[in-house]
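Trainee: Residue 302, in the working numbering, is where the sequence shown stops; the numbers in between run on with no holes. Would you mind keeping the following structure in view while I ask a few things?
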Amino acid sequence: MDNENHLIEDKIDENKSQEIITFKSLGLNDVLCEACEKLGWKTPTKIQCEALPVAFQNRDIIGLAETGSGKTGAFALPILQALLATPQRLFALVLTPTRELAYQISEQFEALGSSIGVKCGMRSKNKKVRMDKNSK
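Take a look at the structure:
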């Protein structure tokens, strides 16, 4: 009898792991679900599955994943969802270690937020440093 219960539990766990997780099931609103579809994002990546529910609870996240794993979506989608809930002209500041990464992230934000008019601005520290050095 005990083995039978164990087999049933294993089957239930197996069925749960086969369920398809969607952006909607993670708590993403319809506008952003459509934006994901337009970008060809059919299902959330592992980092997105783990990060989105936590971020939607307004909790901090530290995520570590490989390049191309969906990290930008994991933090951009909650920011955009919060923006939709509380529209403001200036809403978020994202700091990056390189100009190239800043550009890539801004492209993702604008693509995900295109239907709601999101625009990103970039500022490079290097320009200010050069100006300060030249002014002396």
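Even glycine gets a Cβ: it sits at the ideal position worked out from N, Cα and C.
Would you identify the three-state DSSP class for Ala231, choosing helix, strand or coil?
Mentor: Walking along the sequence shown from the start, residue 231 turns up at place 65. Three-state DSSP puts Ala231 in coil, outside helix and strand.
Trainee: State yes or no: is the C-beta of Gln214 within less than 8 Å of the C-beta of Ala251?
Mentor: Translated into positions along the sequence shown, residue 214 becomes position 48. Translated into positions along the sequence shown, residue 251 becomes position 85. No; because the gap between Cβ atoms is not below 8 Å, this pair is not in contact.
Trainee: Measuring straight from C-alpha to C-alpha, what distance separates Ile227 and Val220?
Mentor: Counting from one through the sequence shown, the residue named residue 227 turns up at place 61. Counting from one through the sequence shown, the residue named residue 220 turns up at place 54. Going by the C-alpha atoms only, they are around 7 Å apart.
Trainee: Spatial neighbours of Glu175 within its chain, please: C-beta separation below 7 Å, excluding the five flanking residues on both sides.
Mentor: Reading the sequence shown from its first residue, position 9 is the one you call residue 175. Legend: pLDDT at Glu175 = 48, less than 50; position of this residue unreliable, no value from coordinates given.
Trainee: Is the beta carbon of Val315 sitting closer than 8 Å to the one on Ile271?
Mentor: Nothing about residue 315 can be reported from this structure: the residues present for the chain run from 167 to 302 only.
Trainee: Less than 6 Å between C-beta atoms, sequence neighbours within five positions excluded: which residues of the same chain meet that for Ser290?
Mentor: Counting from one through the sequence shown, the residue named residue 290 turns up at place 124. Correct list, in chain order: Arg265.
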